[in-house]
Amino acid sequence: MSTMGGLGQMKLSVYFLTIGLVLLSLPCGSYTEIQSKPPGTVTALPPVKHAEGPQAFPDAEKSNLPVFTMNYLRIQVPFEVTLWVLLASFAKIGFHVYHKVTFWVPESCLLISIGLIVGAIMHSVHEEPPAVLSSNVFFLYMLPPIVLESGYFMPTRPFFENVGTVLWFAVVGTLWNSIGIGMSLYAVCQIEAFEVQDINLQENLLFATIISAVDPVAVLSVFEDVSVNEQLYIVVFGECLFNDAVTVVLYNMFNFVADMPEVEPVDVFLGVARFFVVGMGGLGFGVIFGFVASFTTRFTSNVREIEPLFIFMYSYLAYLVAELFSISSIMAIVTCALTMKYYVEENVSQRSCTTIRHVVKMLGTISETLIFFFLGVVTITTEHEWNWGYIMFTLLFAFVWRGLGVLVLTQIINPFRTIPFNFKDQFILGYGGLRGAISFALVFTLPDSIGRKKLFVTTTICMIMFTVFIQGISIRPLIEFINVRRTNRNLDTINVEIHSRLMEHTIAGVEDLCGQWSHYYWKDKFLKFNNRILRKILIRDNRAESSIVALYKKLELQNAVEILDTVSGDINAAPSIVSLHKEKKGSGKPKRKFVAADLRNMHDILSKNMYNIRQRTTAYTTKHSLPNDSQTKEILIRRHTSIRRSLRPGSFHGPDEAKSQKYFSLPSGKSLDSKFPPQRLRHTGNGDDVTMSEVDYPSARSRFDQPSRSSSRAMLPLRRLNTLKEMPSSSVVDLVDERSGGRGAWGRGMSRLNSSSSDSRIPAPRRRHDPSNGPGNGSSGDHRPEGEEQQPLSPTPAWAAEPGDRDDSGTQKPLLMPQWNTRKPQNP
Amino acid sequence: MGALQSLPDEPEYRDLSEKTGFSFEQIGILHKRFKQLSHNEDTLRRDDLNTIPDLACNPIRTQIIEAFFDKRNFHQNGEGTVQEISFEEFLVVMSHFRPPALNMTEEQRENIRREKLRFLFNMHDTDNDGTITLEEYRHVVEELLSRSGALGKETAKGIADAAMLEVASISVGHMEPDEFYEGITFEHFLKILKDIEIETRMNIRFLNMDTTNLCNDWRQERPQRQRFEWLERKT
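First to last, the protein sequences are chains D and Z. The first sequence lines up with residues 1 to 828 when you count with full-length UniProt numbering. The second sequence lines up with residues 1 to 235 when you count with full-length UniProt numbering.
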C-alpha cells in the first residue's frame, strides 16, 4: 500500500487514466469542462487543473444541495496509482496467455515493450512525461519489496554453501566493474571527438556504479527452466541480490563525492572505511530485527490474523532504521529476511506462512513490474541526449569488464571451491550480467546537479535495453547450445531422497573422521548453537515435529470436510503406496513410479527428522512464481494423517490385526464404492489421478461407509468414527502411539509375508495382491467377509474382473489396489 | 609442520599418491590425522574411530566406521571385514570422496560414479551378497531417522518399504504375480540413482593446508566436556 501512496506523488497522468476519466465523467452532466474536450487535449492538462471541476460545479447550482458531485483531486493520487498497477498487472496476465511467448522472450522484455507502447501513445497525445520516480519514492517504497522478495526466497542451503563465492562476486565483482568501467569511460571522455570532456572522474565512477548493478531476473527464470546447475544458479541469484547492496552503497558514496570539488586521499580511505561500516551495520541491523521478529512471532498464536503483518513491518522497520543511520538498508532487509525466515515459518501457522509468501512475492513482483513498465514509458517520453561515442563505449566496457571480471575472479575463487566453475559456467556467468530495474531507478533518481544526467539516463536505458533484449533472449538458446552442466532437480523418488541423505551424512562423517572442516564444520557448530539456544528462545513449540503435530490436529478436522467437497481435485494430490502396484499391474508402463505427493510427504518426514547437519531447501523458488510447496505440504501431511488414521483401527486389538492389514489394502476399494460408487470410478479413471486417491478413502470411508458396513462389522466403523472425533483433541502421544501401532501391524504383516518366501526378501509388489498364490495369505479368511460384503455394495466393482485379487486383497494391505486395474484402461 | 616431518617417507607417499590420487600434502595431512586417531600406532581400530566426538551425533556412525573396515572398499576384490586398517587402506577408503577432476571424459565420469555409488551400496549391503535386502534397507533408514525420536522406527519401516517398492517398480517394471523382488542389485541401484549427480556431490575438499593444529586444543578438551554434559543430563 505504501508503494501506491508513494507512487501517487508522481502525478501520473496517463492516457489510460484519461480513458477512465472520460468514462467516469460521461454520466456527470455538470462536469462539462472535461466532458466537452476530446481526450487528447484533456490529457495535456496537468492533473491539478481537475480541481477546477468540482469548484466550478457548486457555482452552477449554488443554492441547492448537489445531487451528484465529483471530486477527482481527492482521489487522484491513489486512483492513478491503482490504474498504473492494474495496467501493469493486465500486461502480465496477457503475457501468460501465450506460454510460448514467455518461454522465448523474458518477461522483462515484454514489460518494457508494453511500456514503450504506452509511452508512444502518451507521446503522441503530447502527454507530459510523468515524473516516474523520485529518489524517495524509489528508495522508500519500491526497492524494499524487491529486495525483501529476493531475500526471503533465497534458497538457504545452496546459498550458505556458496556464500563465499556469492559475496566474492557481489562485492569484489561490483567494485571491479564500477572502477573498471568508470576509469575506462573517463579515459574515453578525454577524447575530444566525443564532446563529453566535461564529465569528470567522479561522475564517471558514479555512472559506472549504476551500470554495474546486475539484475538477472530474466536469466534466473531461464536458469530455472533449464535447471542449470545449482552452483551457477545460486551465484547469479546471490550476486544480483548483494550487488544491489554494494551498488547502492557505492552510489551514495559517489553521489556525495561527485559534489565535492576535489577529492583528497584521506577521503578515499574514509570511503573504504565507510563502505565496511555501512555493509556490516546493515548486516547487524538485519540480524537484530530478524531475531526480534522471530521472537515476536512466538507469541502470536492467538492473533493469527495479523501474524503476517509482523514479518512485513519488521522487515520494513529494519530497512527504515538502516536508512535512518545511512547504512546499507538493502543489506539490513535481506539479512532480516534470511534470519527470520527459518524461525518465523516454524512459529506461524501454515496459513500465515502462505500469506507471507504470497504477499512478499506479490509486492516484489508489482514493484519490479512497475519499474520495467516505467522504463518503457520513460524511454519514449523523456528527453534524451544521444551521444554515440559514450553510449557505445559504455556498452563495450560493460561487456568487457564483466567478462574479464568473471574470468579473473573465478580463477581466484576456484581453488577454494569443492566444485570449481568450468569455462562454460564462467561464460554463462558473464553473459548473464543483465542490467535491470535497479540501474534504471538509480540513474533516474540522480540529482539534477549532475550536468550530464540526461546522457546518463539515455546510456543506462540503452544498456538495459541491450542486455535485456539481446542477452536476455539469447541466453536460453546459448545455455542449450553450449550444454551447461545441469542439475536434475526432479528428484522425486524416495530412494533418491534417502540416498542423498545417506550420502550427506556419510560425507559429514568422513569429514569428521579425517579431521578437516570446511564450512561444514561451522555449519555444525552453528546448528548446535541454534538447537541449544536460538530455537529455545525463538520458537514457541520447540519440538522437531512440532509443525507436523500441530497440523495433525487441524487437518483431522479439515480432512473430513475436504473430502466431501473436493473430490476430484484433491484426489490428485493424495498419495498412495498402492498406486505403485496399480500402475505396474494396470498399464505395464510405469511412467511415474511414485505419486509426487506421496513422495514429498516422505521427503517431508525425512527432511524434518533427519539429523540435519545439512538442511535441504526443497526447491528453488522462481523469481516470478510462488513456491507452492507450502500448500502441497499441507495436503501431503493431510494425506499422511489419513493413512495413519486408516491404520489406527487395527492397532488397538490383537484380533484386529488381520483387519488392519486388510484395511490398509482395502480402503481404496471400499471407500470408493461406498462413498461415490459411480463417479468415483470415472474420476479415478484418469491416468495419474487414479494413483493418488486411496489415502483419502480411509477417511472418506470412515464417514460414509459406516452405515453400510456396520451390519457386518460394527466394531470397525465405530472405531473409525471415534478417531475422527477424538483426533482434534488427542495429544501427540496418542497420534504417535496409534500410528506406530498401525505401522507395527503393517510391518508384522509384511514380515509374515516375507518370512514365507525367503528371509527378508520383499515379495514382489504384485505378489501382495495375490496372496493366494503365495504363502502370505494367512489371514485372508478374515477379510473375505468384507470383500463379499462390498461386492453387493458397489455397482460396478472394478475387481469383478479379478475376483481372486479381491478376495485376498485384505492380506496385502497398502500395496494393493485391485479395483484400479479395470479402471485404468479407461484412461483417456 | 606435520607434513614436512613426514616427508622422509616420500617414496612411500609417491606410491600412495599414484594409488589414491591424493597430493603429497594431502597425504601428509591425512597421515598426521591417522596417527592422531590411532594414537601413533600403525594401524587403526574401530575403537579409535568410535571415540571421535564429532562422529557421535552422526546417525549412521556405525555404517561409516564399518565402511572403513570393509575389504570391499579397499580396491582389492576382498570381502569381509578386518579388525584394523593401515594408513594405506585408510587413504584408499578416503579416496572415494576425492572430488573429480575438472574435465573428464564421459567414461571417467561413469567410472567415478560407479565407484562412489558402490561405496554407498556397500554401506547398505552388510552381508555382501550383492543385493540390498529389505531388512538391510530398513535398517539404514531406521538409522537415518533415529535422531527424530517419536517418528522413528515405524515411520522408517514404512519409508523403507515404500522405497523398496519403488525400486521394484523402476527396475523390474512388470512383474509376474509369483515373482519376488529379492533386493536391490547394484545395477538397479545405479538405475534408481541415475538422476542424482553423485560425482559432483559426494566429494570432500581435502585440504592442502594443515588445520589439525587449529583444532587440536579444542579436540582434546571437548570429549571431557561432552562426557560431563552427559553426566549432568543423567543426574
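Glycine included, each C-beta is placed from N, C-alpha and C at the ideal position. Small disclaimer: the values here were computed from a predicted structure and weren't measured.
For residue j and residue i, the rounded distance between their alpha carbons
i: Trp84 (chain D); j: His96 (chain Z); result: 59 Å
i: Glu106 (chain Z); j: Phe526 (chain D); result: 39 Å
i: Glu79 (chain Z); j: Ser301 (chain D); result: 58 Å
i: Ser124 (chain D); j: Val118 (chain D); result: 10 Å
i: Pro11 (chain Z); j: Glu88 (chain Z); result: 13 Å
i: Thr354 (chain D); j: Ser89 (chain D); result: 21 Å
i: Val81 (chain D); j: Arg74 (chain D); result: 13 Å
i: Leu16 (chain Z); j: Asn73 (chain Z); result: 16 Å
i: Lys157 (chain Z); j: Gly472 (chain D); result: 49 Å
i: Gln226 (chain D); j: Arg486 (chain D); result: The sequence given here has Val at residue 226 (chain D), not Gln. Roughly 8 Å separates the two Cα atoms.
i: Asn58 (chain Z); j: Leu502 (chain D); result: 11 Å
i: Trp401 (chain D); j: Gly180 (chain D); result: 7 Å
i: Leu190 (chain Z); j: Glu203 (chain D); result: 59 Å
i: Val167 (chain Z); j: Gly183 (chain Z); result: 9 Å
i: Met154 (chain D); j: Leu241 (chain D); result: 9 Å
i: Val378 (chain D); j: Leu116 (chain D); result: 8 Å
i: Ala163 (chain Z); j: Arg14 (chain Z); result: 44 Å
i: Glu136 (chain Z); j: Ser500 (chain D); result: 17 Å
Per DSSP, the bridge partner or partners of residue i
i: Leu144 (chain Z); result: DSSP, once it has assigned bridges, lists no residue as partnering Leu144 (chain Z).
i: Ser169 (chain Z); result: The partner list for Ser169 (chain Z) (beta bridge, DSSP) is empty, contrary to what the question assumes.
i: Ser86 (chain Z); result: Z:Thr43
i: Ile121 (chain D); result: Answer by DSSP bridge pairing: none, since Ile121 (chain D) is not bridged.
i: Asp70 (chain Z); result: Z:Thr81
i: Arg535 (chain D); result: According to DSSP, Arg535 (chain D) bridges with nothing at all.
i: Ile184 (chain Z); result: Z:Ile132
i: Arg435 (chain D); result: D:Val214
i: Val228 (chain D); result: D:Arg486
Given residue i as reference, the closest of the options once Cα atoms are compared
i: Ser38 (chain Z); options: Z:Ser86, Z:Gln108, Z:Glu12; result: Z:Ser86
i: Ser506 (chain D); options: Z:Leu193, Z:Thr51, Z:Gly28, Z:Ile64; result: Residue identity differs from the one stated: residue 506 (chain D) is Thr in this sequence, not Ser. Of Z:Leu193, Z:Thr51, Z:Gly28, Z:Ile64, the residue nearest in Cα terms is Z:Ile64.
i: Cys336 (chain D); options: D:Leu324, D:Val360, D:Ile311, D:Phe276; result: D:Ile311
i: Leu205 (chain D); options: D:Glu161, D:Ser134, D:Ser184; result: D:Ser184
i: Leu409 (chain D); options: D:Tyr72, D:Val137, D:Thr174, D:Ser221; result: D:Thr174
i: Thr365 (chain D); options: D:Glu161, D:Glu80, D:Val67, D:Leu86; result: D:Leu86
i: residue 255 (chain Z); options: Z:Leu134, Z:Met123, Z:Asn40; result: Since the first residue of chain Z shown is 1 and the last is 235, residue 255 (chain Z) is not available in this structure.
i: Gly389 (chain D); options: D:Tyr186, D:Met122, D:Val171, D:Asn71; result: D:Tyr186
i: Met463 (chain D); options: D:Ser221, D:Phe256, D:Leu375, D:Ala245; result: D:Leu375
i: Ile461 (chain D); options: D:Val236, D:Ile234, D:Ile211, D:Arg452; result: D:Ile211
i: Ala293 (chain D); options: D:Gly281, D:Met280, D:Ser315; result: D:Ser315
i: Phe291 (chain D); options: D:Phe254, D:Glu107, D:Leu317; result: D:Leu317
i: Val334 (chain D); options: D:Asp215, D:Pro144, D:Phe269; result: D:Pro144
i: Ser439 (chain D); options: D:Met70, D:Gln426, D:Thr459, D:Ile114; result: D:Thr459
i: Asp512 (chain D); options: Z:Tyr137, Z:Ile52, Z:Ile112, Z:Arg138; result: Z:Ile52
Residue environment, residue i, which counts as buried when at least 16 other CB atoms sit within 10 Å
i: Leu396 (chain D); result: exposed
i: Trp104 (chain D); result: exposed
i: His31 (chain Z); result: buried
i: Arg61 (chain Z); result: buried
i: Leu214 (chain Z); result: The predicted model places Leu214 (chain Z) with a pLDDT of 45, which falls under 50 and marks its position as unreliable, so this point remains unresolved.
i: Leu232 (chain D); result: buried
i: residue 829 (chain D); result: Missing from the structure shown is residue 829 (chain D); chain D here goes from 1 to 828 and no further.
i: Val360 (chain D); result: buried
i: Ala170 (chain D); result: buried
i: Met260 (chain D); result: exposed
i: Phe529 (chain D); result: exposed
i: Ile412 (chain D); result: exposed
i: Trp176 (chain D); result: buried
i: Tyr319 (chain D); result: buried
i: Ile93 (chain D); result: exposed
Contacts of residue i in chain C (Cβ-Cβ under 8 Å)
i: Ala508 (chain D); result: Looking at the structure shown, chain C is missing, and the protein chains on hand are D and Z.
Check your understanding: Fully enclosed by the segment 127–198 of chain D, which alpha helix (DSSP H) runs are 4 residues long or longer?
Key -> Within the segment 127–198 of chain D, the complete alpha helix (DSSP H) runs of at least 4 residues are 143–152, 156–161, 163–167, 174–189.
Review point. Where in the segment 362–414 of chain D do unbroken runs of the alpha helix (DSSP H), each at least 4 residues long, occur, reported from the N-terminal end onward?
Key: Counting whole runs of 4 or more residues, the segment 362–414 of chain D contains the alpha helix (DSSP H) stretches 388–413.
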